[in-house]
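Below: the structure, in structure tokens.
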Amino acid sequence: MATTPRARSDVPYVCTACGTTSLRWVGRCGNCGEWNTLGPASVRVHRPGRAPAVDPTPAVELRDVSTEGARPLPTGVSELDRVMGGGVVGGSVTLLFGPPGIGKSTLLFQVLSSVAAGGVDVMLASAEESLTQVSGRAARMGPVPRHLLALEGPDVEAIEAAVGRHRPALVVVDSLQSVSDPDLAQPAGSLAQVRACVERLTRLAKSSGVPLLLVGHVTKDGDLAGPRAVEHLVDTVLSFDGDRHHALRVLTSVKHRFGPTGEVGIFEMRDDGLRAVPDPGPLMLGDRMAGVPGSVVVPVLQGRRPLLVEVQALLGPGTGGAGVASRPHTLGIDAARANLLVAVLACRTAVDVPVPAEFFVAAVGGITVSEPAADLAVALAMASVVGQRPVPADLVVFGELGLAGEVRSVPGADRRLAEAHRAGFTRALVPASALGDATATAAAAPAGLVVHGVRTLAEALELAGTEGGPQIRPGTMPGWSTVRAAANR
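Everything in the sequence shown is counted per this note's numbering, starting at 74 for the first residue and increasing by one.
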């Protein structure tokens with residue numbers, strides 16, 4: 074019976090049958106399918122009766138390790154530098170993924186142009202498009218700077234040779250699914266090709282000190298296609314997302330070995346490329362109509378960054394028959410959570426939720442809101458549209474709702490309130506547990522922002538219209554009972 078070689082992280086494993094390389098030992102070669110053919114060039118195994126081999130890399134004290142080599146290189150694109158903690162680190166490998174047509178190539182081309190404008194060589198390895206296509210897109214975004222080198226073709230060996238020859242300060246590979254290793258029989262984009270190419274590119278970055286930016290595509294479900302199996306091989310994973318019918322684009326750090334994850338950058342797509350948006354408030358709330366029932370503003374956290382998002386609700390006639398409630402139709406809001414909030418609204422408050430009826434709930438502006446902090450805003454928007462009474466335009470709300478109708482605390486209350494105050498809002502409904510006693514409430518609220526702590530959804534409904542607009546009180550909202558009774562006669 075064949076013995077399993079001891080795993081080594083400092084030597085690649087090579088298949089003796091087909092020559093496939095791997096960073097870890099596996100029993101069966103993923104390329105040729107042969108068993109027990111992968112092994113390192115040199116394996117030291119300690120056998121009884123023999124002295125153990127001397128480790129060629131002795132351990133050192135961690136406090137003596139210098140961090141000078143981990144200083145980031147600014148890209149010149151402010152929102153990308155925000156997400157990356159200041160820029161790209163020498164020798165790092167970053168994977169940027171997103172749906173087709175969202176602007177991944179445009180963003181990275183602007184990064185290359187910005188770095189090249191500083192007088193250093195950068196390189197674009199275009200594995201998908203010809204250089205004629207790349208040049209045409211570049212011309213639409215402005216003059217191409219000097220020091221921007223371009224390489225056409227999918228051959229990973231050609232990329233390695235070009236990096237060794239020119240030693241650029243930054244390399245972009247577009248895209249990972251099109252790069253191929255000529256020694257492998259599998260087609261480009263297959264798992265074997267993707268893994269092998271990422272391993273070779275990672276070793277190239279670590280040995281040369283040149284940072285690499287890799288472009289990846291996503292599947293229909295929004296997951297990273299193919300490279301999902303190689304995320305552990307790269308240093309940073311960035312998600313670039315947005316609605317193709319809106320100008321807003323969101324860049325999020327999913328994994329980052331050189332800084333915090335979850336940081337968010339905001340961009341606006343224009344005809345001449347992407348523009349960084351340091352203050353997205355006017356872009357997201359600029360077209361908001363005040364005084365319309367079903368509109369509520371919620372401060373959400375994207376990473377550590379607060380964003381003000383308008384949640385809208387609409388009520389239409391149901392299609393499920395008498396006495397049958399339809400599931401809410403959502404856009405940018407989790408459908409299962411919206412359905413849960415309809416049940417909480419109907420069972421824990423005196424709001425007369427009409428049956429049959431259909432709720433339509435949306436997060437406006439192309440932003441997807443997934444955190445529970447938006448529960449209270451969605452519930453208020455639905456209650457507002459049922460009663461046809463608008464929530465005051467100067468009010469923001471946030472909080473998670475439980476099945477008992479209680480309003481639960483959410484993290485980052487201080488950052489949410491500060492952003493609401495900066496945008497000009499004067500009142501806020503927040504979980505009472507997040508504020509504590511009256512002294513803590515006064516200290517937590519920015520000057521000029523009146524904060525009301527609420528413990529239940531019914532209490533929030535009562536306070537939503539106490540000043541500056543019509544009241545929304547449980548038990549006093551006109552529902553569709555009269556309409557249904559008339560329709561059933």
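We treat Cβ as the ideally placed atom computed from N, Cα and C, and that holds for glycine.
Report all residues from its chain with a CB closer than 8 Å to the CB of residue i; omit the five preceding and five following residues, and keep chain order.
i	result
Ser203	Glu225
Met40	The requested residue 40 does not occur in the structure, where the chain is confined to residues 74 to 562.
Val188	Leu146, Thr148, Gly149, Val195, Ala242, Leu243
Glu230	Asp254, Pro255
Leu522	Leu490, Ala493, His494, Phe498, Thr499, Arg500, Ala501
Leu277	Ile232, Glu233, Val236, Val283, Leu285
Leaving out five residues on either side along the sequence, give the residues of the same chain with a beta carbon under 6 Å from the beta carbon of residue i.
i	result
Pro379	Pro372, Arg488, Arg489, Glu492
Gly376	Gly335, Glu336, Val337
Ser253	Pro227, Ala261, Gln266
Glu540	With a pLDDT of only 32 at Glu540, under the threshold of 50, the placement of this residue in the model should not be trusted; the figure read from the coordinates follows. So the list is empty, once near-sequence residues are dropped.
Arg101	Trp108
Ala198	Leu224, Ile232, Val246
Val87	Thr94
Val271	Val303, Leu306
Lys279	Gly164
Val327	Val310, Ser312
Thr325	Ser312, Val337
Gly485	Leu374
Who are the Cβ neighbours of residue i in its own chain at under 7 Å, not counting the five residues just before and after it?
i	result
Val99	Leu111
Arg155	Glu336, Gly338
Gly215	Asp345
His239	Asp194, Met196, Leu222
Among all the DSSP beta bridges, which residues are the ones paired with residue i?
i	result
Lys328	Val310
Thr403	Val434
Val417	According to DSSP, Val417 bridges with nothing at all.
Ser280	Per DSSP, none; premise fails for Ser280.
Leu468	Arg500
Val161	Leu146
Thr94	Val87
Pro379	Leu374
Pro390	Ala430
Evaluate residue i with the Cβ neighbour count: other Cβ atoms within 10 Å of its Cβ, from every protein chain shown; 16 or more gives buried, anything less gives exposed.
i	result
Ser208	exposed
Thr179	buried
Leu135	exposed
His119	Low confidence applies to His119: its pLDDT is 45, below 50, so where it sits in the model is not reliable, and the reading given next is rough at best. His119 is exposed by the Cβ-count criterion.
His290	buried
Gly460	buried
Cys420	exposed
Leu474	buried
Gln183	buried
Thr205	exposed
Met157	buried
Leu476	exposed
Glu141	exposed
Asp308	buried
His318	exposed
Gly569	The structure shown has nothing for residue 569, since the chain only spans 74 to 562.
Val556	Because Val556 carries a pLDDT of 34, less than 50, the predicted location of this residue cannot be relied on, and the following value inherits that uncertainty. Flag for Val556 reads exposed.
For residue i, name the three-state secondary structure that DSSP assigns.
i	result
Asp228	strand
Glu336	coil
Gly215	coil
Asp487	helix
Thr130	coil
Thr205	helix
Phe170	strand
Thr275	helix
Glu341	strand
Glu107	coil
Thr539	Residue placement at Thr539 is poorly supported in this model, since its pLDDT is 32, which falls under 50; the coordinates are not used for a value here.
His525	strand
Arg361	coil
Ala452	helix
Ala190	coil
Asp137	helix
Leu474	strand
Arg317	coil
Ser151	helix
Val252	coil
Ala349	strand
Val267	helix
Glu479	strand
Leu534	helix
My assumption, with CB atoms under 8 Å, is that residue i sits in contact with residue j. Please give the rounded CB distance.
i	j	result
Val480	Leu530	7 Å
Arg528	Asp345	With a Cβ gap of about 51 Å, Arg528 and Asp345 do not count as contacting.
Val166	Thr275	5 Å
Leu449	Phe471	6 Å
Ala408	Leu534	That pair is no contact at about 23 Å.
Ser263	Glu201	Not really, about 16 Å apart at Cβ, beyond 8 Å.
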